[in-house]
Structures are given as C-alpha cells and as structure tokens.
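In numbering that gives the first Met the number 0, the protein residues as written are 0 to 241.
For glycine and all other residues, C-beta sits at the position ideal for the given N, C-alpha and C.
Heads up, the thing below is written out as structure tokens.
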Amino acid sequence: MSLEHQQVHLWLLDLRHVGEWHSRAALSVMSAEEQAKAEKFIRGKESYIASRWLLRSCLARYTGTPAAAITFARTDKGKPYIPHSDIHFSLSHSGHWALLAVSRTALLGVDIEANRRARDLPGIAEHYFHPQEYALLSSQPADDQTDYFYRLWTLKEAFFKAIGLGISAGLENIHFTLASDNNPGAPPQIRAAINPTLPHAHADWQFQQWQLPEGDSIALAYAATAPQPTIWFDALAAPAFP
C-alpha cells in the first residue's frame with residue numbers, strides 16, 4: 000500500500016463489529032508472546048486480540064511482509080517499532096474503538112479515549128496537569144468540562160507516545176492551550192509548550208484532534224515542519240490481509 004512521506008494514515012476499528020472470524024484470523028498471525036499475553040486478560044481479551052489483528056493486517060499492507068512474519072522490537076523506553084523499516088506506527092484502543100496511525104515519520108503518536116464522565120476529572124487535572132490547563136478547564140461550563148479534559152488528556156498521551164515515554168514522565172511537562180480563532184465551526188487552534196528537558200522537545204510538532212459522533216476523543220501528534228494530510232480508513236471495510 001502506498002504511503003507518501005507527507006501523509007499519516009489512520010485506521011479506525013469499531014470493536015463492536017468484530018466477529019469470531021476476525022478473532023480466528025488474528026490468533027493465526029499473532030506471535031506466541033502475543034497469544035500468551037492475550038490469555039492473561041481477565042477483561043478486554045477480545046479487544047486486545049482485535050487490536051493485534053488491526054496492527055498486523057494493516058502493517059502487512061505497507062511493509063509487504065506477511066502479517067504473521069512481522070516482528071516487533073522496543074526501544075529502551077518501551078516504544079514498539081519494526082526493525083529495519085521506515086514504516087512507523089502508533090496504536091491505541093479505548094471503549095468500543097481501536098485506532099492505528101501509520102506514517103514514515105518516526106515521532107508519531109495517537110490516542111483515543113472514551114469520554115467517561117464518572118470520574119473526578121477536575122481533581123485529576125488539578126493534581127497532574129499544568130496549573131494553566133487546570134485553570135482553563137475550571138473556567139469551562141460544567142457541561143463542557145468532560146470533553147475539554149479528554150481533549151487535553153489525549154493530546155498529552157499522543158505526545159508522550161510519539162517521543163517513546165509514558166505519561167509517568169510528567170503530564171505537566173507539556174501543556175496545551177486550545178484557542179479559538181473566532182471562526183464558528185472551526186476547530187480550536189492547538190498550542191503546546193514543552194518542557195525543554197524532554198526528548199525531542201525542540202522538534203517541530205504538529206497536533207490534530209477529532210471527536211467521534213459518540214463523543215470519543217482522538218488526538219494525533221507527530222514531528223513535521225507543517226501539518227500533514229491525514230487519510231482515514233475503515234478497517235472493517237478492507238480485506239483482512241494483503
């Protein structure tokens with residue numbers, strides 16, 4: 000499958016529509032390590048297996064390698080990658096959805112989150128976010144605070160995945176301002192301030208966001224001098240393997 004250097008491909012999988020056939024297909028190409036990990040799940044086993052199907056079936060399209068033959072390695076910080084390949088990826092799943100980003104840009108991260116309301120989100124933000132973010136969150140109307148929280152959360156997750164670190168590196172070390180350009184219907188501008196001690200802090204970062212009709216939040220982070228075209232694919236509308 001063709002992937003231009005200035006593109007990001009996004010593959011969205013609705014886990015509610017994954018059938019037994021997909022699970023059998025996934026198990027047939029998963030590594031022994033992946034299958035052993037799947038067996039350890041008490042909850043979420045089906046979602047994990049479906050996510051591995053999404054990952055392997057899609058990457059096979061780009062690499063030309065059979066899905067079962069794709070091998071993964073990890074950086075010293077745990078970020079997965081394909082050795083000796085210029086195809087880079089980031090995988091996320093939450094709630095009913097799994098999402099895979101594929102690019103030739105090494106610094107790439109994606110996150111999807113179901114907007115769960117049954118949490119003390121302002122309290123989490125006060126404790127873990129940058130003080131300016133907490134102040135902006137608190138200033139939002141009560142009905143908008145959940146969406147605003149998850150917009151910030153997914154941006155942070157996507158960024159830390161892109162640089163190969165977990166959020167334990169400190170969510171407050173990057174803070175975002177979601178500024179409106181006063182154009183009705185236009186998405187807010189995303190501005191980021193990054194702690195200069197973080198890896199790749201001085202790269203040219205691009206951030207994009209979307210919201211699914213059911214309210215789930217998606218954020219994409221990648222290093223590039225300008226925003227790159229994003230092309231969306233429905234994973235279930237494509238043949239399983241090339």
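Among the candidates the options, whose CA atom is the shortest distance from the CA of residue i?
i, options, result
"Tyr61", "Gly77, Arg73, Met0, Leu106", "Met0"
"Glu19", "His8, Ala35, Lys44", "Lys44"
"Trp52", "Ala67, Pro140, Glu38", "Ala67"
"Phe232", "Cys57, Val28, Leu106, Gln34", "Cys57"
"His95", "Gln207, Gly214, Gln139", "Gly214"
"Ile162", "Pro65, Ser89, Pro187, Pro212", "Ser89"
"Leu106", "Leu177, Gln210, Phe206, Gln34", "Phe206"
"Gln139", "Ile111, His126, Thr176", "Thr176"
"His87", "Val7, Ile111, Glu125", "Val7"
"Arg116", "Pro130, Tyr147, Pro65, Ala222", "Tyr147"
"Pro212", "Ser84, Glu112, Ala234", "Glu112"
"Ala178", "Ile189, Ala141, Ala59", "Ile189"
"Trp152", "Ala202, Pro82, Ala124, Trp10", "Ala124"
"Glu158", "Ala191, His16, Thr196", "The amino acid at residue 158 is misidentified as Glu; the sequence shows Phe. That would be Ala191, whose Cα lies nearest to the Cα of Phe158."
"His126", "Val101, Gly169, Tyr80, His16", "Gly169"
Would you kindly work out how many angstroms separate the C-alpha atoms of residue i and residue j, rounded to a whole number?
i, j, result
"Ile217", "Lys155", "11 Å"
"Lys78", "Phe71", "10 Å"
"Ser93", "Val109", "12 Å"
"Ile48", "Leu99", "14 Å"
"Arg42", "Thr224", "41 Å"
"Leu54", "Asp119", "33 Å"
"Glu3", "Gly122", "42 Å"
"Tyr149", "Arg103", "27 Å"
"Thr229", "Ala37", "31 Å"
"Lys39", "Ser50", "16 Å"
"Glu132", "Lys76", "27 Å"
"Ala245", "Pro226", "Outside the modelled stretch of the chain, which goes from 0 to 241, sits residue 245, for which no answer is possible."
"Pro198", "Pro65", "33 Å"
"Glu32", "Leu26", "11 Å"
"Leu136", "Leu164", "25 Å"
"Ser22", "Ile69", "18 Å"
"Leu235", "Leu12", "7 Å"
"Gly63", "Ser84", "11 Å"
"Tyr129", "Ala35", "First, the residue type needs correcting, since residue 129 is His and not Tyr in the sequence shown. Near 39 Å, if we compare the C-alpha coordinates of Ala35 and His129."
"Pro241", "Met29", "Reliability fails at Pro241, whose pLDDT of 40 lies under 50, so the model's placement of it is uncertain and no value is given."
For residue i and residue j, which I take to be in contact (beta-carbon distance under 8 Å), what is that distance rounded to the nearest angstrom?
i, j, result
"Asn194", "Ile173", "7 Å"
"Asn114", "Thr74", "Wrong, their Cβ atoms sit about 30 Å apart, outside the cutoff."
"Ala222", "Trp204", "6 Å"
"Leu9", "Ser46", "Actually they are not in contact, since the Cβ atoms of Leu9 and Ser46 sit about 18 Å apart, beyond 8 Å."
From the DSSP output, in three-state form, read off residue i for me.
i, result
"Gln205", "strand"
"Val17", "coil"
"Gly108", "strand"
"Ser56", "helix"
"Phe158", "helix"
"Arg150", "helix"
"His126", "helix"
"Gln210", "strand"
"Ala68", "helix"
"Ile265", "The displayed coordinates of the chain run from 0 to 241. Any statement about residue 265 would go beyond what the structure contains."
"Arg73", "strand"
"Ala113", "coil"
"Leu26", "helix"
"Ala222", "strand"
"Leu2", "coil"
Using a threshold of 7 Å, is the CB atom of residue i nearer than that to any non-hydrogen atom of the ligand GTP?
i, result
"Arg116", "With respect to the ligand GTP, the structure offers nothing, as it holds no ligand at all."
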